[in-house]
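Each residue of the sequence shown is one higher than the one before, starting from 891 at the first, in my numbering.
Every residue, glycine too, gets a C-beta built ideally from N, C-alpha and C.
Single-structure report; data block below.
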Amino acid sequence: YQIRLVRLIEKVIKLLQDENYPDYLLDGQSIMLEDYLEIKPEDKDILKELISKGRLVPGPWYTVPDMMIPSGESLVRNLLIGHSVCKEFGGCLKVGYSPDSFGLVSQLPQIYKLFGYKYAMFSRGLRLNSGKDTAEFIWESPDKSSVYALFEAYSIGVGITIPSVWRSYDRIDMSKEQVINSFKATMAYQDNRYKGRNRLLVVGIDHLEPNDNLTETIATLKEEFKDEYEIKESTLEEFFESMVEELGNQLETGYGEQRGEYKSHFALGNTLSTRIDIKMLNRMVENKLQYLCEPLHAINPHLDSFDYLDTKPFYENAWKKLVASHAHDSICGCNVDSTNQDVKMRLIHAYQMAREVEKLELYQLGSSIKPGLSDSAIIVYNPLPFVRSERVCGKLIVPCEAQGELLVDEDNNVVKDAIIRRTFLKRRDIETMKKDEYQELYDDTTRVALEPMTNKDYFTGIEYEFYASDIPACGYKAYYLVDGKKCENSYVNVPSNSIENKFYHVKANDNGTINITIKSTGRTLNNLHFFEDETDEGDSYTTNPLGDKLFTDKLDAEIKTTVSKHFSSMDIGLSYIKNNEPVHIETTVTLDNYSDTIMFKTRVNNKGRNHRIRAVFDFDEEYKSGFSDTAFDLTERPIYHKSELKPENIMTMPMRNLLYLKGDLSVAIFSRSTHEYEAIRDANSTRVCLTLLRSVDKVYKTDNPTRDETSCGKGVRWLTEDSKQIGEYTFEYGVKFYVNEIGNNDVVNDALCYQIPLTPFGGYTTGSMNSSHSYFSISGAVLSAIYTLDREKKHLMIRVYNVDPTENSCVIKLDKA
């Protein structure tokens, strides 16, 4: 595609040498400027000249993104990076232009207004209260911010330049009669949609290069329709100015999310579940950048020392790689395999960069803390702006020789039931720069002691599990490793098929479902959590379920229960045959002793193709609507009755971290993996299905029952091997019940606690900072980002948002150590 991009922009540059060809729109993006200059760096000055004069119009986005999968913060960074690129070239589109996104988030008008935009145009997902297919309207966010909007096909004018995109368009010239008839047909179509007399024709479509006879075509139309229409070449901004001048506030107002009704498949909603491996990797990068790299960089002081490395340029580079992967087809995974491989590799590079930044900032933080009874410590960092207490467990490296396996806090109190085990002692040397992750050091047998050595010449491998209590908001607490009698590991397999803590009793049934008793009320929900596996003959854009559902609650399960000092869990194994291939699913259900979230970790070994696996929860309450999170919002979505459940109706909905059902017993489902759910109600019950894995072998087919495009030829356009998703995949999600009423912000913060756990790391404490400290605390809102605006860290950006339906007072406290 880069070759075709270069050819396209070269053609545009040639056309714009003629003053009769006024301007060219670069499809709402700016990344292509960088891609072009990578090949033709000598053209930078001419691009700057054309852009600064408004002849070539890039932006406002870096890449025009999908809106449902990236975080709200990612959308903001996309615009910020897009503006930065455009600023370098001297010009930027002043319209919020999202031509091909698969639906738009509710808060986009507010985001656009904050960037100074008054206008927005998009092509997929209109949903007005009147139900009309109206082109012009006022679009309002939940906060009442509004923009003037146009819902129109991004290719509405292409018919005046080529007879069909489904023929050899580059070898067929349009006759005068064809141009006139196409224009008439477009005007007749727009007569039914436009309220005003101003009409917009965008001359372009996917992959189409500019036409060198457009000026002559427009001259033909001007002459033919001189008594009916005033036809002129225009920019998007000029069109909106004319539209607003004509219609003003006569327009209908559209509210919130624009994703279309469930029978409208133009928004291609099942891209939410295609290539879940790419989407999970994207989420990992976002979380690391938003909640670890940037806040850690902000709290650590800027140093003038010889060894100091400012990590800001590195995480900014990772952000660019991340949002470069957010173009709608890219992050949705609906591409040929080679393109998806490029997207995934870009995300891998972004993750590697973010991980290195995280390690550098954690090391600086740890070395700044004063020693306690020893200088070797496990430090627990809390990325969220409120105090938290959680079980932490895993493996880490202490960058010195750890003196013992007993854990004490800053007041020298032994941490109750802390399980600590030293697993290795390895030499710290110059190769550390290449290999400094736990498993890398564990596997390296060359790092033996070379005398003489001191405690600072070692790495110590530590396995740990303990309850980290009262970790300060956006802060840390240090625990020190000392000599003493340690607590022994005590994992025990027990014959019981049930587990419990202070909040819940959970029993596994023979068929693998579970019964949950909420101890505070005594209410029991039976036969929850099983799996549905159904053949899917769709493609990467749209599901086509065949109705041959296999439900695992008809099978026998293998169950194993484990109890330890800090948690109890059940492993539930299920095996079956689907489409002549074996499928094995194993779920670990875990209750931490002090946690009110039931945690699920499901591992799927998939060897089949063309099927969809979903986790199913049947709740014994009929919920009328559900709330799921998108960018800066908790969007209310209808829950349809089961009578609406038909193959031609797509009723799956987007979620990022959370689905929340409000009722007599409210329930939240948290997710670290899935982005798609379906909720269907019946009398006194609601079924929620989380799409875990969707396997397809076709990128694009035209004969889906939910999307008929056979007019351009019936069949399959591209095949895919990787989208079959063969292999082992792990999905993590949690369930929390609310007996008492709770605010939306609190539910979203609960979801963030599940999504962003506490971060323990090993420290060699040789500094002077206190053993615990809170840098930021926030109440009355949800944290989106904390980062510095300058290298010297004199200016700080804190972005928060409110998803409660009413205004809140937000309190932010800062305390630089």
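Compute the Euclidean distance between the alpha carbons of Lys1169 and Thr1620, then round it to the nearest angstrom.
-> 13 Å
Name, in chain order, the residues that DSSP records as bridge partners for Tyr835.
-> Summary: the structure shown does not reach residue 835, with the chain confined to residues 891 through 1707, and so no result is reported for it.
Classification of Cys1602 by the beta-carbon crowding that lies within 10 angstroms, buried from 16 upward = exposed
Is the distance from the Cβ of Asp1443 to the Cβ of Asn1401 below 7 Å?
-> yes
Could you tell me the boundaries of the alpha helix (DSSP H) in which Arg1337 lies?
-> It is not in any alpha helix (DSSP H) - Arg1337 carries neither H nor E in the DSSP assignment.
Hey, Tyr1357 and Arg1278: beta-carbon distance below 7 Å or not?
-> no
Work out the CA separation of Met1541 and Lys1034 for me, nearest whole Å.
-> 28 Å
Cβ-Cβ distance between Lys938 and Gly980 below 7 Å = yes
Could you pull out every unbroken alpha helix (DSSP H) segment of at least 4 residues lying fully inside the region 1184–1228, listed in chain order?
-> 1184–1189, 1202–1214, 1218–1222
Three-state secondary structure (DSSP) of Lys934 | helix
Could you tell me the distance, in whole angstroms, from the CA atom of Gly1006 to the CA atom of Trp1029?
-> 15 Å
Rounded to the nearest angstrom, how far is the Cβ of Ala1558 from that of Tyr1567, given a contact under 8 Å?
-> Not quite, the Cβ-Cβ distance comes to about 12 Å (not below 8 Å), so this is no contact.
With distances taken Cα to Cα, identify the nearest neighbour of Gln1068 among Arg897, Thr1477, Val1048.
-> Val1048
Local conformation of Ala1505 per DSSP, three classes = strand
Are the region 1363–1378 and the region 1322–1336 touching, with three or more C-beta to C-beta distances below 8 Å?
-> no
Three-state class that DSSP yields for Met1077 in the structure shown = helix
Proximity winner among Ser1058, Pro989, Val1055, Val985, relative to Tyr1038 (alpha-carbon distances) | Val985
If we ignore side chains and look at the alpha-carbon of each, how far apart do Gly1718 and Val995 end up?
-> With the chain represented from 891 up to 1707, any question about residue 1718 goes unanswered, as that position is not in the structure.
Could you have a look at Glu1424 and say whether DSSP puts it in helix, strand or coil?
-> strand
Quick one: Cα of Thr953 to Cα of Leu965, how far?
-> 10 Å
Check the C-beta distance from Glu1622 over to His1456 and give it rounded, since I have them as a contact under 8 Å.
-> Not quite, the Cβ-Cβ distance comes to about 18 Å (not below 8 Å), so this is no contact.
Whole-angstrom C-beta distance between Lys1316 and Tyr1348, which should lie under 8 Å | 7 Å
Determine the DSSP secondary structure at Gln1293, reduced to helix, strand or coil.
-> coil
Assign Cys886 to one of three DSSP states: helix, strand, or coil.
-> Absent from the structure is residue 886, since the part of the chain shown begins at 891 and ends at 1707.
Quick one: give me the first and last residue of the beta strand (DSSP E) that Ala1521 is part of.
-> Looking at the DSSP string, Ala1521 is not in any beta strand (DSSP E), and its letter there is neither H nor E.
Can you have a look at Thr1414 and say buried or exposed, based on whether 16 or more other CB atoms are within 10 angstroms of its CB?
-> exposed
Flag this pair as touching only if the region 1680–1695 and the region 1179–1192 have three or more C-beta atom pairs under 8 Å; answer yes or no.
-> yes
Work out the CA separation of Asp1301 and Asp1360 for me, nearest whole Å.
-> 14 Å
Tyr1590 by DSSP, collapsed to three states: which one?
-> strand
Round the Cβ separation of Gly918 and Pro1032 to the nearest angstrom and send it over; I've been treating them as touching at under 8 Å.
-> About 24 Å; that fails the 8 Å criterion.
What span of residues does the alpha helix (DSSP H) with Leu927 cover, start to end?
-> 921–929
For Ile1488, which option in His1419, Tyr1119, Ala1208, Lys1536 has the closest C-alpha, if you only look at C-alpha atoms?
-> His1419
Are the Cβ atoms of Glu1026 and Leu1141 separated by less than 7 Å?
-> yes
Taking just the CA atoms, how far does Ile1352 sit from Asn1379?
-> 13 Å
Mind reading off the beta-carbon distance from Val1629 to Ile1310? Whole number of angstroms is fine, and I expect it under 8 Å.
-> Val1629 to Ile1310, Cβ: 36 Å. No contact.
Just the Cα atoms here: how many angstroms apart are Gly1463 and Lys1491?
-> 12 Å
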